[in-house]
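Novice: Take any residue in the sequence shown, note its place counting from 1, add 715, and you have its number in my numbering.
Dropping the structure in here first, questions after.
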Amino acid sequence: MIRTIIGALLGRELDRRDGRGGVGGAMVGALATRAVTRMGPLGMALGGAYVAKKAYDRHRAGRAGVPPRG
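Here it is, written out as structure tokens:
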């Protein structure tokens, strides 16, 4: 379940950056989560840390009134 959530968030980030949408972000998200989970607990920690950092950056940008960057 955690793998699915991390993959979805990563795919959404990639789709936001290019602005086109589509399945590209979903494909990269799925592949990245497979690689992360193959790394074991270290990979899960790294993936979770990435998602937490992005959420923290968005939170701080929202409080400052600045639109969040990709």
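From the three backbone atoms N, C-alpha and C, an ideal C-beta is built for every residue, glycine too.
In whole angstroms, give me the CA-to-CA distance for I721 and G780.
Specialist: The count along the sequence shown starts at 1 and reaches residue 721 at position 6. The count along the sequence shown starts at 1 and reaches residue 780 at position 65. Using only the alpha carbons, I get a separation of about 27 Å.
Novice: Taking only three categories from DSSP, how would you classify R735?
Specialist: Locating residue 735 in the sequence shown gives position 20, counting from the first residue. R735 falls in the coil class under three-state DSSP.
Novice: Does H759 come out as helix, strand or coil in the three-state DSSP assignment?
Specialist: The count along the sequence shown starts at 1 and reaches residue 759 at position 44. Here residue 759 turns out to be Met, not His, going by the sequence shown. Helix at M759.
Novice: CB G740 to CB L729, shorter than 7 Å?
Specialist: Your numbering for residue 740 matches position 25 in the sequence shown. Your numbering for residue 729 matches position 14 in the sequence shown. Closer than 7 Å, so yes.
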